[in-house]
Amino acid sequence: MYPYMNEDAAWQRLQDLQRELENSQLMAEGQPKATFQLLKRVAARAWHLAGLAAMRPPRYAPMRHDGE
């Protein structure tokens, strides 16, 4: 399994989030309530992505072989 697959998925989600933010800003201009809801949604997703980025596979030390 590719060890950085979760990081790639998180990066893709971040790009999708940025696109959604840009689109929502264009649609919600002049609507203060919509802007607040957008910020709330972006913050929740950023918090979620930060949690995904923090999850990494454990890095095991190589096994020692003394030659016996």
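Residue numbers (our numbering): 111 to 178. Glycine is no exception: its CB is placed at the ideal position from the N, C-alpha and C atoms. These numbers were taken from a predicted model, which means no experiment stands behind them.
CB-CB length for residue i against residue j, believed under 8 angstroms
i	j	result
Leu148	Leu124	Not really, about 16 angstroms apart at Cβ, beyond 8 angstroms.
Chain-order list of residues whose beta-carbon lies under 6 angstroms from that of residue i (same chain, five-residue window excluded)
i	result
Arg155	Leu127
Any contact between the region 140-153 and the region 115-125? By contact I mean 3 or more CB pairs, one from each, below 8 angstroms.
no
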